[in-house]
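Novice:
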Amino acid sequence: MTKIISERQLIELIKYPIITDKTTKLIEENQYCFAVSRRANKPDIKKAIEYIFNVSIKNINSLNIPPKKRRVGKFIGNKTSYKKVIVKLHEEYTINLFPEN
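Numbering (my numbering) for the sequence shown: 74 to 174.
(1) With a threshold of 16 other CB atoms inside 10 Å of the CB of Val145, please say whether the residue is buried or exposed.
(2) By DSSP, does Arg143 sit in helix, in strand, or in coil?
(3) Give me, in chain order, the residues of the same chain whose beta-carbon lies closer than 6 Å to that of Tyr89; leave out the 5 immediate sequence neighbours on both sides.
(4) May I ask which residues mark the beginning and end of the alpha helix (DSSP H) holding Leu86?
(5) Would you give the residue range spanned by the alpha helix (DSSP H) that Phe126 belongs to?
(6) Is the beta carbon of Glu101 within less than 7 Å of some heavy atom of the ligand COA?
(7) DSSP puts Lys156 in a beta bridge; with which residues?
(8) Return the CA-CA distance between Leu162 and Ser135, expressed in angstroms with no decimal places.
Here it is as structure tokens:
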């Protein structure tokens, strides 16, 4: 049973792309990493990325990143936890994360 989700909710599922040394190496293999809403599931993530970037997705891997402890002076707190997805696209599609002005 799939629920109907609006275009606005699809856009709000994807928070931001994750850009690190490791993820830039994955871009060469046509895989992209995104931070998404914790309540998002794989079918909704697939719909959102296909709608936003106009691409076709081959595979999605998702993982929940646990909260990490951070210290500022004598105060100890937690970084917020989030859900990370690694999206593999079909060969003919790409996502331009670094647009040239």
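Each residue gets a CB set at the ideal place from its N, CA and C atoms; glycine is no exception.
Specialist: Straight from the coordinates:
(1) Val145 is exposed by the Cβ-count criterion.
(2) Correct three-state label for Arg143: strand.
(3) The answer, listed in chain order, is Ala108.
(4) From DSSP, the alpha helix (DSSP H) with Leu86 extends over Glu80 to Leu86.
(5) In the DSSP assignment, Phe126 falls within the unbroken alpha helix (DSSP H) covering Lys115 to Phe126.
(6) As presented, the structure is devoid of all ligands, the ligand COA included, so that no description of it is given.
(7) Looking at the DSSP assignment, Lys156 forms a beta bridge with Val109 and Asn137.
(8) Their backbone Cα atoms lie some 15 Å apart in a straight line.
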